[in-house]
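Everything on this sheet refers to the single structure shown next.
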Amino acid sequence: TDLKDDGNPIRVWKTQQVPTAAKYYETASYGKLDFKVDLVEKVYPINKSVLTYNLDTHHDAPAKPNAKPWELVLDAMTAADSDVDFSKYDYVNVVTPATTMIGFEGAIGLQHTYDGKLMQRATFGPIREYADSPTKFNWLVHESGHLLGLLHPYNTSGNSYSGYVFPTWDLMGDSPTENPEFLAWHKFLLGWLDSSQINCVDGLAKSSSTHLIAPLTENAAGIKTTIIRLSETQALVIEN
1454 TDLKDDGNPI
1464 RVWKTQQVPT
1474 AAKYYETASY
1484 GKLDFKVDLV
1494 EKVYPINKSV
1504 LTYNLDTHHD
1514 APAKPNAKPW
1524 ELVLDAMTAA
1534 DSDVDFSKYD
1544 YVNVVTPATT
1554 MIGFEGAIGL
1564 QHTYDGKLMQ
1574 RATFGPIREY
1584 ADSPTKFNWL
1594 VHESGHLLGL
1604 LHPYNTSGNS
1614 YSGYVFPTWD
1624 LMGDSPTENP
1634 EFLAWHKFLL
1644 GWLDSSQINC
1654 VDGLAKSSST
1664 HLIAPLTENA
1674 AGIKTTIIRL
1684 SETQALVIEN
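So the mapping is simple: the working numbering equals the position in the sequence shown, first residue as 1, plus 1453.
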């Protein structure tokens, strides 16, 4: 009740987030993933203050111990249930107007059944973080990447909320990267690389060899990555 819609959430998702995600996944997956998003162009009121969810922390700060992001998502799904058949979908995304009263946002887990289907994952948040920012058109790609099983590829030991002091690497490292691509390792985990495009080398043998690696961004045949086994638990992944 304390967030007022100005029409921007639907506009931003219709013109930026949804088309970017569809194009990105088609290109980055070499046509293997058809990522479809249905946008419900309707505003649903929730008869609560946004502060009841305890999400009002500084952006990128840890969530409060009593934060309830899943409650916000479930309240939104309940509000939209008469219009949406949730059994058709793998996950949902809840969009709110721009607000500083939601600082903790992104991908979360759920355990709730709607329309006969167990919903186990969702993304949510205000448009304040990404509205009309060209380097943030891929917010949905980054957050849905987590729902596909990908992590932030940076060192999270110690206080991981002290800022990005490690390299961005790819889109899962930080959404505003100027190189919006997935690492070869991420594409390997997602099944986007065929076995013929992966060259595995036993580094324990300590032999020397030469390998030609095709550019990762090109949708063409050829070796896309060389993975060298360094130990039972470590591997070196090389890409172009």
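By construction, the Cβ of each residue, glycine as well, lies at the ideal position given by its N, Cα and C atoms.
The structure presented is a predicted model; accordingly, all values stated were derived computationally and were not measured.
Contact under 7 Å by Cβ, residue i with residue j
i, j, result
"A1551", "P1579", "yes"
"L1525", "Y1497", "no"
"A1520", "F1577", "no"
"D1458", "V1503", "no"
"W1466", "L1492", "yes"
"R1581", "L1600", "no"
Proximity winner among the options, relative to residue i (alpha-carbon distances)
i, options, result
"E1479", "G1559, A1575, V1594, P1462", "V1594"
"H1512", "M1554, P1472, I1691, A1529", "M1554"
"S1649", "N1693, D1623, A1688, I1676", "I1676"
"G1460", "A1474, E1494, Q1469", "E1494"
"Q1469", "A1674, D1585, D1528, I1499", "D1585"
"A1514", "G1559, D1458, M1530", "G1559"
"S1660", "I1681, W1645, A1529, W1638", "I1681"
"H1639", "A1575, V1545, D1455, S1482", "S1482"
"I1691", "Y1477, F1488, A1667", "A1667"
"L1636", "S1662, V1654, L1665, H1605", "H1605"
"N1652", "L1504, R1581, T1663", "T1663"
Cβ neighbour criterion (16 or more within 10 Å) applied to residue i
i, result
"E1671", "exposed"
"N1591", "buried"
"S1535", "exposed"
"A1529", "buried"
"K1489", "exposed"
"A1673", "exposed"
"E1734", "Nothing in the structure corresponds to residue 1734, since the chain is present only between 1454 and 1693."
"S1615", "In this prediction, S1615 has a pLDDT of 49, which is less than 50 and means its spatial position is unreliable; what the coordinates show is noted afterwards. Its Cβ having fewer than 16 others within 10 Å, S1615 is exposed."
"N1500", "exposed"
8 Å contact criterion, which residue i and residue j should meet: CB distance rounded
i, j, result
"T1678", "L1646", "7 Å"
Open item on the list: For the pair the region 1530 to 1539 and the region 1563 to 1581, tell me if three or more CB-CB distances fall below 8 Å.
Closed with: Contact holds: three or more Cβ-Cβ distances are below 8 Å.
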